[in-house]
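Comments concern the structure below.
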Amino acid sequence: MVKELQAKVLYDFEAQPDSGELSIWTGEIVTITNQEDLLEKDVIEECESTYGGPVILIPKPNGKTRLCIDYRKLNETTVPDSYPLPRMDDLLQSTKHTTFMSTIDLKSGYHQINVHPADRDKTAFVCPFGTFRFKRMPLGLQNAPSTFQRLMDMFCQNLPTMTYLDDIIVLSPTFDQHLLDLETVFLKLKDYKLWANLSKCHFACSCVKYLGLWITSCGIEVDPDKVSAVQKIPPSRTVKQVQSFLQTCSWYRKFIPNFSEISRHLSYLTKKKTVWTWTESEQNAFTTLKNCLVSHPILSQADFTKPFVLQTDAGNYVPCNYSSPRS
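The sequence shown: position 271 = 271 (the UniProt record's numbering), numbered continuously.
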């Protein structure tokens, strides 16, 4: 089934292809291993192409390296695929009333989709050992996420799952039902010729890490590792550092009541023509945002079968509204 979906690279035909500049290499031995591995797995093949993106070696947590291609020039001329990625709020909302969860990670997910033969030359890359092109979809192509998500949405139809790219989570209310759901999912994986990475799969859990958050039967929690990283951020000394800190905290703003009010002194510093000043007010806002995350807040999922009460208010700085189930 997966072979019926092929990655295509539609582009502006007046655009010039990448000239094939050679990057500076310092890890030839490691790269030879990567290259031979991809050749052996039939992911790449040698070619003659007017295209040729430079190669970048990305270190992985396990000490190995991932061979990636700089496709920025190709992406500039690629016609965007408008197929959307799932909204995180929608995904998390579907986890309510869940007791047992399993996460399934697809092995080299993008490489499980073939590149259309007519577009393979566009994926070519240059390295000290020659020019190669991808037979299977590589990382870095502008439309690769949309292409892969389209496949996963096809796969997940009528299944008790939710997916974001290559991360699949199976949700069930009881253990017996969970075993049946897992069997159904694995049979469909086999039908679609999709391979899972067993070492990264977790089965029949009461809580799982998903999309940088912890999902439990009680609700959604912030990942303690992420909180620890936020705690280590020093006080800001520049506007860019304030912007970076606010962007990080904004990712978790749903876990922080009155986020806009707490962060307003810091937000003011990011406005144009604002004179830089770091007083007690800014430091208090900085510390409070950190402490709110350290308190391990749990975000419960809304039950829309029950009536809600909407409360509104407005002050001198920010308007707000608060919706809660009627008790």
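A virtual CB, placed ideally from N, CA and C, is assigned to each residue, including glycine.
- Runs of the beta strand (DSSP E) spanning 3 or more residues and lying entirely within the segment 171-247 occur at 202-205, 207-210, 213-216, 220-222, in chain order.
- Between Asp-166 and Gly-212, the C-beta spacing is not below 8 angstroms.
- By the criterion of at least three beta-carbon pairs nearer than 8 angstroms, the segment 92-111 is in contact with the segment 203-218.
- Counting along the chain, the unbroken alpha helix (DSSP H) around Glu-280 starts and ends at 280-294.
- Scanning Leu-106, Glu-36, Ile-44 for the CA closest to the CA of Lys-193 turns up Leu-106.
- Inside the segment 66-107, DSSP marks whole alpha helix (DSSP H) runs of 4 or more residues at positions 72-76, 88-93, from first to last along the chain.
- For Arg-133, the enclosing beta strand (DSSP E) covers residues 130-134.
- When secondary structure is reduced to three states using DSSP, Met-137 falls in the coil class, being assigned neither helix nor strand.
- In the DSSP secondary-structure assignment, Thr-161 is bridged to Val-170.
- Between the segment 248-256 and the segment 220-231, the count of Cβ pairs shorter than 8 angstroms is three or higher; the stretches touch.
- Contact between Val-43 and Lys-122 fails: their C-beta atoms lie close to 16 angstroms from each other, not under 8 angstroms.
- Look at Glu-36 here: in three-state DSSP terms it is helix.
- Annotation for Glu-45: the continuous beta strand (DSSP E) segment containing it runs 44-46.
- Under DSSP, Phe-125 shares a beta bridge with Gly-53, Phe-132.
- DSSP places Pro-117 within a helical segment (H, G or I) once states are collapsed to three.
- Note on geometry: alpha-carbon atoms of Ile-104 and Pro-59 lie some 23 angstroms from one another.
- For Ile-256, there is no enclosing alpha helix (DSSP H), as DSSP gives it neither H nor E.
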